[in-house]
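Let me begin by presenting the structure, written as structure tokens, before commenting on it.
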Amino acid sequence: MAITIPLVLLFGVIVLLLLRFKALGAGAVAVAVLFGFYLADTGARHTINGLTTAVVTSLANQR
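Residues in the sequence shown are numbered consecutively from -9, following the working numbering.
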């Protein structure tokens, strides 16, 4: 049985945990979120999406 979760949710939880355990300050979280929004609006989004899909697919096929 496979459990799937959106990567956005996973990354959001990671950022919240980093903020909670003070491994990342509130300013750094804001910069990371803004960077993600601006990066999603560039031409690099197709390359990043393809790379992420390839990594997730290869990890899923490891079994």
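Beta carbons: idealized from backbone N, C-alpha and C, even for Gly.
Just so you know, these numbers come straight off a predicted model, no measurement behind them.
Do the CB positions of residue i and residue j come within less than 8 Å of each other?
| i | j | result |
| --- | --- | --- |
| Val5 | Val21 | no |
Since I believe residue j is in contact with residue i (beta carbons under 8 Å), could you give me their beta-carbon distance rounded to a whole number of angstroms?
| i | j | result |
| --- | --- | --- |
| Leu24 | Ala16 | So it is not a contact: roughly 13 Å between Cβ atoms. |
| Leu(-1) | Thr42 | Actually they are not in contact, since the Cβ atoms of Leu(-1) and Thr42 sit about 14 Å apart, beyond 8 Å. |
What is the rounded straight-line gap between the Cα of residue i and the Cα of residue j?
| i | j | result |
| --- | --- | --- |
| Asp31 | Asn39 | 12 Å |
| Thr37 | Lys12 | 32 Å |
| Phe1 | Thr47 | 18 Å |
| Leu56 | Gly26 | One cannot answer for residue 56 here, as it falls past the ends of the chain, which runs -9 to 53. |
| Ile(-5) | Val3 | 11 Å |
| Leu7 | Leu14 | 9 Å |
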